[in-house]
Amino acid sequence: MSVATQTPDQVKPPLAERLRLRLDFLPTVAAVVIFVGMIIYGEAAYGRVVQMNTISNLFINNSHLIILAVGLTFVILTGGIDLSVGAVIAFTSVSGVMLINAGWNAWLVVAVMIATGGLFGLFSGVLIQYFNVQPFIATLSMMFLARGLASMLSTVPERLPEDSSILVLATQIKLIDGPKVNDLVITPGVIIAILVVAVGWFILHRTRTGRTVYAIGGSEPSAALMGLPVHATKMWVYVISGLLAGLAAVVYTTRLGIAQNITGVGWELDAIAATVIGGTLLTGGVGFVLGSVVGALVLGLMNVLITRDGGVPPEATTIITGGILLIFVLLQRAVLAKQRD
Amino acid sequence: MMESLPLVEMQDISISFPGVKALDGVNFRLLPGEVHTLMGENGAGKSTLIKALTGVYKIDEGRILINGQDLHLAGTADAQAAGISTVYQEVNLCTNLSIGENVMLGHEVKSALGINWKASHEKAREALGKLGLGHLNPKAPLKSLSLAMQQLVAISRSMVTNAKVLILDEPTSSLDAVEVEQLFTVIRRLRDEGVAILFVSHFLDQVYAISDRLTVLRNGAFVGEYLTRDLDRTALIAKMIGKDIAALQNLDSGREERADNHGEVVYSAKQISRKGAIEPVDLELRRGEIVGFAGLLGSGRTELARLVYGADKAETGGVTVDGVKAEIKAPASGLKHRIAFSSENRRDEGIIRDLTVRENIILGVQAKRGWHRPLPRKEVDELVAKYIAELNVRPADPDKPIRNLSGGNQQKVLLGRWLATSPEILILDEPTRGIDIGAKAEIQERVLELAAEGVSVVFISSELEEVVRLSDRIVVLKDHRKIAELVNGPEVTAESIVNIIAQDGVEDAKEAAEGVASQPEEVLQ
Amino acid sequence: MSGTGNGGVIANLFRRQYVWGIVAIVILLIVNSVKDPRYLALSFNPNNGALVGNVIDILRAAAPIMMIAIGMCLVIATSGIDLSVGSVMVVAGAVSMQFLSTAPNTPGAAFTALALALGVSLLLGLFNGFMVSVVGLQPFISTLVMMMAGRGIAKVITGGQNTAATNDTFRWIANGYVFGLPVVFLIAIAIVILLGLLVRRSALGLMIEAIGMDPMAARMAGVNRRGLLLSVYTISALMAGIAGIFATASVMTVDISRTGDQLEMDAILAVVIGGTSLAGGKFNITGATIGALLIATLDKTVVFLGVSSSATPAFKAIVIVALCLLQSERVRSAFKRRRSTPVAPTKKEEVAAA
Amino acid sequence: GGGDTPGASESAGGDSGELTTVGFVAVGPEGAWRKANEQNIQDTFTKEAGFDLKYAPAAKLDQKSQIDAFTSFVDEEVDIILLSATEGSGWEDSLKRAQEAEIPVVLIDRGIEPDNTDLYVTRIAPDNIEVSTSVANWAISTFPDGGNYFVLEGPAGVSVVNERNEGWNEVISANDKFTSLGSQTANWSTEEAKSVFETVLKSNNNDVQLVFAQNDEMGLGAVQAVEEAGLTPGVDVKIATIDGTKAALESLAAGNLSFVAEYNPLFGETALDVVNKTLAGEEVDSYIIVPSETFDSPEAAEAALPNRQF
Ligand SMILES: Nc1ncnc2c1ncn2[C@@H]1O[C@H](COP(=O)(O)OP(=O)(O)OP(=O)(O)O)[C@@H](O)[C@H]1O
Ligand SMILES: Nc1ncnc2c1ncn2[C@@H]1O[C@H](COP(=O)(O)OP(=O)(O)OP(=O)(O)O)[C@@H](O)[C@H]1O
Ligand SMILES: [Mg+2]
Ligand SMILES: [Mg+2]
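Chains as they are written, first to last, in our numbering: chain U, 6 to 346; chain F, 20 to 544; chain P, 3 to 356; chain X, 33 to 342.
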């Protein structure tokens with residue numbers, strides 16, 4: 006029987022492949038296209054966009070956002086949400102820097118910071134999974150908690166020691182040294198971000214845990230009935246998101262050399278926006294890590310362009326940011342409308 | 020067959036839900052290499068027993084033994100680990116994933132670099148092939164399949180793992196003869212390979228065709244275990260419902276003899292169509308007439324029905340209701356024109372799980388009246404009481420969340436919802452799916468009464484006999500086209516319809532259809 | 003207050019769930035009384051015929067939160083979310099203040115200001131509703147956009163200033179007293195009851211729940227999803243508008259960067275504490291109201307106990323977590339009787355597709 | 033103003049291509065003071081004056097967005113950058129890059145920590161510590177035998193708040209006649225300040241003599257709370273605020289506020305002058321303190337009100 010059906014299959018794939026492509030990748034593809042469009046527009050309108058330093062800074066300044074976005078992609082794919090990441094960054098960085106100043110080994114502290122992030126994630130996970138608190142609320146309270154603890158630790162900027170060994174994470178590696186600051190630069194932070202993306206992609210698309218994440222997003226009861234480890238996986242996504250928040254804290258803190266209790270206010274929304282722009286559905290089950298990366302870059306580029314324009318009246322900036330975000334999702338929606346009925 | 024020791028043994032299993040004792044000291048055993056059918060009316064406890072055996076529900080009392088060892092199930096995963104593979108009554112797949120991903124979920128082929136998709140899809144294709152779905156592309160999205168197809172995909176999941184125990188809860192409820200035969204060949208092969216198979220179905224023919232042994236439940240209680248050959252149909256029915264009833268006779272008797280009291284045309288569609296769903300068709304429905312849609316799976320019956328109701332918007336053609344031009348572009352407008360449509364997809368397009376039986380019943384009427392004209396409390400209670408009694412929904416508790424009803428009873432509640440809207444045109448897509456024989460007879464009776472009362476009924480069922488028995492006119496569809504329209508008569512039988520479908524050549528399809536439409540008799544010479 | 007609760011068929015679980023909110027309120031009040039025995043004492047102020055006391059302050063502080071909470075409650079019941087309430091508040095405030103700052107100090111002017119503010123809020127609500135129901139954007143995003151844009155709009159309206167104005171009638175709304183009780187609270191309660199009756203005495207409640215639980219099935223049952231979503235988001239925005247009026251009237255100043263800031267979170271919290279699931283479906287307006295009261299009590303307690311600014315968020319977090327645990331204990335004990343199939347929302351893709 | 037600058041004389045004849053581009057990393061509208069300050073800068077660096085001012089307000093007062101803007105200006109190679117930071121610390125790397133790109137940076141209002149003067153041309157600002165100290169000194173002179181005071185702060189952790197606390201605490205805590213009833217954040221907001229202070233009054237049975245509100249908005253909120261409680265602001269409770277906006281001075285004139293310390297936002301002219309000097313390669317001192325007055329009486333307020341621009 007299966008032999009008999011080989012022949013039609015040989016014909017099908019290209020068509021079916023395209024079909025599949027349309028269904029899943031479209032929003033992400035749209036994101037990429039629009040991103041490129043923005044770059045071209047920026048270059049045409051303001052110039053000095055397609056140049057080494059602008060591009061490398063786009064990555065350097067948003068590496069932590071990219072890391073956060075990857076974490077949120079996991080959570081959102083399961084249909085959950087994590088509002089705590091911004092505050093977790095504040096707490097982990099403040100506590101981390103204080104530990105270093107207290108004489109701890111810097112690299113040990115890095116580990117501690119990441120672990121602390123994971124701990125907050127674990128907290129949310131437990132609340133959600135074992136006390137069926139709703140994700141929004143569980144992570145919201147974690148947000149308050151982390152922010153509060155951070156402020157209780159210190160309300161003044163905590164400085165990393167000038168000679169701290171972890172500052173290497175922010176060292177600017179000039180790949181091409183252009184005139185003045187027009188260099189092609191990369192920092193370990195960016196490399197970390199790229200690694201995170203790669204690993205994230207691997208877990209989601211090449212491991213059963215990843216498949217379970219998608220299945221839960223599609224239909225949690227079905228996933229459970231299929232015997233997939235729903236409980237464990239749902240815990241994991243929050244832990245992952247927490248760990249990555251901790252990592253983002255490391256990257257950001259080493260870049261600035263200071264930690265502050267008011268860092269990261271509203272970053273959770275940026276990260277969520279990034280994932281959504283990248284084509285992830287907040288209802289879960291659909292989306293890609295790479296999309297989220299593009300989303301993060303789009304947001305970053307958007308700020309750059311607004312700055313380059315410089316003529317935007319102060320009152321209007323939020324309107325414009327909102328407007329662009331809207332246009333963006335509308336474009337995506339239009340593309341999607343073609344394949345939904 | 021001689022008694023080899025049982026692979027699965029369930030002793031004195033009891034499970035009670037708030038209000039219901041779903042299972043009360045039930046015994047059940049499953050021998051290797053046998054097909055063991057679980058029989059019982061709607062709500063007898065079949066699915067619950069299965070869910071107990073697969074770790075979905077915790078058992079209150081009793082024990083489960085596998086290969087003689089006590090087995091404690093904390094979840095479905097444990098059951099799978101114990102070699103039990105299950106296809107539940109409601110299709111449980113993830114529509115956001117591809118067919119292949121669904122088939123392989125949890126069993127993907129691993130390699131050094133994580134999942135090997137090529138191999139996984141290959142394996143998925145094999146599994147599908149075993150059920151004659153080899154033509155499906157594993158990479159295509161599951162969404163693109165009809166409910167029936169999805170059910171087959173769900174079954175093929177269990178082909179991936181070589182399970183020792185295979186459980187199929189009403190797998191055939193939405194399949195037609197061809198698929199059923201295909202499924203049975205697979206089941207037989209597995210059985211001969213020594214797999215123990217637990218089968219549930221309300222179709223007696225199928226039960227007798229496939230099963231070696233029967234266990235009968237009634238209201239959650241264990242009635243008895245029998246060898247199929249020792250128990251003839253009437254005896255079996257008697258055991259299931261506790262008494263013999265005559266209603267079941269007309270299950271086998273041919274088409275109902277009824278006076279042709281066809282009134283004037285209430286609905287007429289000219290060349291309505293929708294891309295990918297159904298090609299342009301004309302359709303006329305008369306008052307007091309039952310029109311059956313016949314066709315194989317994926318022939319487009321549901322699609323056509325959806326267009327009539329407005330669930331999907333017709334892209335071409337025009338519609339008149341009661342002779343007046345009508346714009347039916349959404350279910351709401353369908354309802355306004357007194358059209359009601361009971362979907363084949365009970366779980367996704369029918370019940371609202373978390374609403375009570377009462378709310379589920381009145382939802383249709385209420386939607387028709389609009390939110391600002393709420394039904395008075397009194398009327399609500401009357402309506403609800405009326406339909407719970409008429410369709411004898413069990414348990415007869417209007418304040419139970421509908422998700423807690425058995426599959427069949429949910430179906431009855433939905434029927435109630437649509438009858439409550441006092442429709443002029445009633446479209447029933449697989450209304451008897453998952454309904455036990457007793458209830459099925461009742462529903463068929465009800466359909467005939469409705470027609471007699473002047474309602475124009477569209478009846479869709481994968482069970483051709485049913486269609487032939489009830490319909491005055493039969494619209495035959497194939498590949499999303501209408502290929503024939505027969506005025507029902509003594510000479511029209513399930514076989515003759517199958518022949519029409521088989522003979523329908525691609526080129527002369529259209530004239531055939533027209534010819535048939537004009538003088539239906541000729542088709543059969 | 004329970005009048006609204008009885009309005010609908012609400013499963014006991016939910017009726018009991020907000021009981022924990024009440025418990026929490028009581029505990030907080032007790033804590034405060036421990037710090038100062040005269041905490042609950044009420045005195046009468048003959049000058050303005052007002053009852054004076056911490057409890058009265060709580061009621062006044064609760065009014066705006068109550069408004070956005072009940073609006074949010076309906077939105078959440080449709081399995082949506084409205085992040086824009088805070089921004090709609092500031093827009094409403096900006097409109098009224100900007101108008102009053104130039105208008106004469108007359109009742110007439112006050113009512114015009116009200117009309118203007120509510121009118122604008124209504125428009126913003128319609129926009130949200132349109133984006134969600136007709137265009138089919140995800141509620142989170144469309145309202146997130148409105149959340150960003152709204153504050154900008156407010157800034158444009160006032161030209162970046164924190165406009166202040168004087169109008170006794172308008173001021174009276176938030177600071178006046180009737181029968182010794184704050185007008186603002188009485189208005190709020192009246193609106194809660196009205197809305198409660200509207201949704202529970204009509205079939206609105208049932209239909210909102212239906213589309214929240216299962217949009218696909220609801221559509222097939224003939225429920226007009228678009229219309230409902232449109233009206234629900236509009237109602238939410240209207241409520242936010244009223245809240246904005248309350249907030250600005252109390253000080254007769256709109257603070258473009260602070261008015262309504264972060265309040266969407268409070269609203270959502272209130273709704274959830276009240277026993278409405280963010281997954282949509284069964285909703286409970288009484289619960290949301292109680293949730294709002296709890297949040298107001300919490301905010302006031304923090305100040306009364308003199309919890310330091312930096313410790314405040316942590317304090318709140320602990321209270322919330324404790325509350326969630328209390329509530330879920332119930333859920334779990336209910337579960338113990340029968341552990342059944344996971345009851346998570348089953349049809350996400352439809353929600354998304356819609 | 034500024035007609036005498038080289039920039040202007042060039043642009044008078046030349047096309048816009050010769051305008052000097054100024055990148056202004058700003059804070060964005062958050063209240064009367066900020067509005068006045070940034071408006072003033074924008075009004076000074078006009079095309080007529082020979083400048084193309086690029087205005088980049090922060091998103092949600094988030095330092096990250098400011099750093100992004102700063103970086104972008106550097107990449108764009110503007111001629112000079114005005115930096116009005118939300119936060120003092122964390123700017124070293126950005127400033128170093130600007131230096132490498134040979135772009136001079138002038139700090140507006142907020143200084144940087146650690147204060148490494150090689151990284152920027154100069155800082156033009158009133159002195160928060162000085163201003164808050166003046167409030168404290170006024171308090172001591174008005175309450176010779178002390179009293180109970182309460183502080184309404186901005187959000188915990190923001191530099192301004194820390195500085196204004198520092199100046200105040202140094203003086204007050206040195207004086208043992210004053211007892212602190214604590215401090216609470218009202219997030220710069222009138223509404224919150226009112227709500228907070230009404231509760232503070234209750235929890236202390238109205239036994240509060242002095243309120244130090246770290247900005248005018250909060251001070252005005254406190255006034256209303258006092259009135260609601262049936263007390264007389266200025267008599268029962270004296271309220272001192274910082275900023276000196278028109279609204280505050282009016283309230284002071286009406287006797288509701290008792291002391292307003294100006295935190296002068298109008299130093300566009302000075303900035304213009306500094307910028308021109310810098311571009312012309314002249315030296316400027318590393319810290320130019322903008323003089324700020326204080327108003328301690330209705331009369332003083334009356335006098336100042338007519339020509340108050342903010
Ligand atoms: N989760 C649940 N909560 C409460 N009651 C339930 C639940 N599941 C099933 N029941 C009740 O248990 C009884 C048995 O249901 P079950 O689904 O096993 O019947 P069934 O034999 O599968 O019927 P059908 O043939 O219609 O599928 C029914 O009365 C049903 O109402
Ligand atoms: N929910 C759906 N989404 C997308 N496509 C569908 C859906 N349902 C059916 N289809 C497509 O329409 C075709 C017709 O399927 P459908 O089930 O409606 O026909 P049918 O004759 O009613 O068969 P059935 O016996 O399943 O009712 C299917 O082959 C499938 O490709
Ligand atoms: Mg069943
Ligand atoms: Mg069908």
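Note that CB positions come from ideal geometry on N, CA and C, so glycine has one too.
- The beta carbon of U:Met-147 sits closer than 9 Å to some beta carbon of chain P.
- Restricting attention to X:Lys-209, X:Thr-273, X:Glu-134, X:Glu-202, the CA atom closest to the CA of X:Gly-253 is found in X:Thr-273.
- One residue after another in chain order, those with a Cβ under 6 Å from a heavy atom of ligand 3 are F:Lys-65, F:Ser-66, F:Gln-108, F:Asp-188, F:Ser-425, F:Gly-426.
- For a Cβ distance threshold of 7 Å, residue set Phe-141 of chain U lies close to P:Ile-270, ordered along the chain.
- Cα atoms of P:Val-323 and U:Ser-146: separation of roughly 7 Å, rounded to the nearest angstrom.
- Annotation: P:Phe-181 is outside any beta strand (DSSP E) and is labelled neither H nor E by DSSP.
- A distance below 9 Å separates the beta carbons of P:Leu-183 and P:Ile-58.
- Scanning X:Gly-120, X:Arg-142, X:Leu-127, X:Val-255 for the CA closest to the CA of X:Glu-223 turns up X:Val-255.
- Under the 8 Å Cβ criterion, the segment 288-306 of chain X counts as touching the segment 317-334 of chain X, having at least three qualifying pairs.
- For P:Ala-43, the distance from the CB to the nearest heavy atom of ligand 1 is not below 8 Å.
- A straight-line Cα-Cα distance of about 20 Å links F:Glu-127 and U:Lys-239.
- Judged by beta-carbon spacing, P:Gly-262 lies within the 9 Å limit of P:Gly-95, meaning their Cβ atoms are closer than that value.
- Rounded to the nearest whole angstrom, the C-alpha separation of U:Gln-139 and U:Ile-133 is 6 Å.
- For F:Val-495, the uninterrupted beta strand (DSSP E) segment begins and ends at 492-497.
- If you draw a straight line from the Cα of P:Ser-35 to the Cα of P:Ala-166, it comes to about 36 Å.
- Interface criterion met: the Cβ of U:Ala-175 is under 9 Å from a Cβ in chain X.
- By the rule that beta-carbons nearer than 9 Å mark a contact, F:Asn-181 does not touch chain U.
- Taking 8 Å as the cut-off, one finds no heavy atom of ligand 1 near enough to the beta carbon of F:Glu-472.
- Taking 9 Å as the cut-off between beta carbons, none of the residues of the segment 41-59 of chain U comes near chain P.
- With a 10 Å radius around the Cβ and a threshold of 16 neighbouring Cβ atoms, X:Asp-75 comes out exposed.
- Closest by C-alpha distance to F:Thr-73, out of F:Gly-125, F:Ser-287, F:Tyr-107, is F:Tyr-107.
- Contact annotation: the segment 88-97 of chain U touches the segment 111-127 of chain U, with at least three C-beta pairs closer than 8 Å.
- Interface flag for F:Ile-421 against chain U is unset, since no Cβ pair is found closer than 9 Å.
- When the Cα atoms are used, P:Gly-308 and X:Gly-214 turn out to be separated by approximately 7 Å.
- Contact annotation: in the segment 265-288 of chain U, residues whose CB is within less than 7 Å of a CB in chain X are Gln-265, Asn-266, Ile-267, Val-270, Gly-271.
- Contact between U:Ser-170 and U:Trp-112 holds: their C-beta atoms lie close to 7 Å from each other, under 8 Å.
- Between ligand 1 and F:Arg-422, a heavy atom-to-CB distance of less than 8 Å is present.
- With a threshold of 8 Å, the Cβ atom of F:His-221 counts as near ligand 1, since some heavy atom of the ligand is closer than that.
- With a threshold of 8 Å, the Cβ atom of F:Phe-36 counts as near ligand 1, since some heavy atom of the ligand is closer than that.
- Closer than 9 Å to the CB of X:Ser-227 there is at least one CB belonging to chain P.
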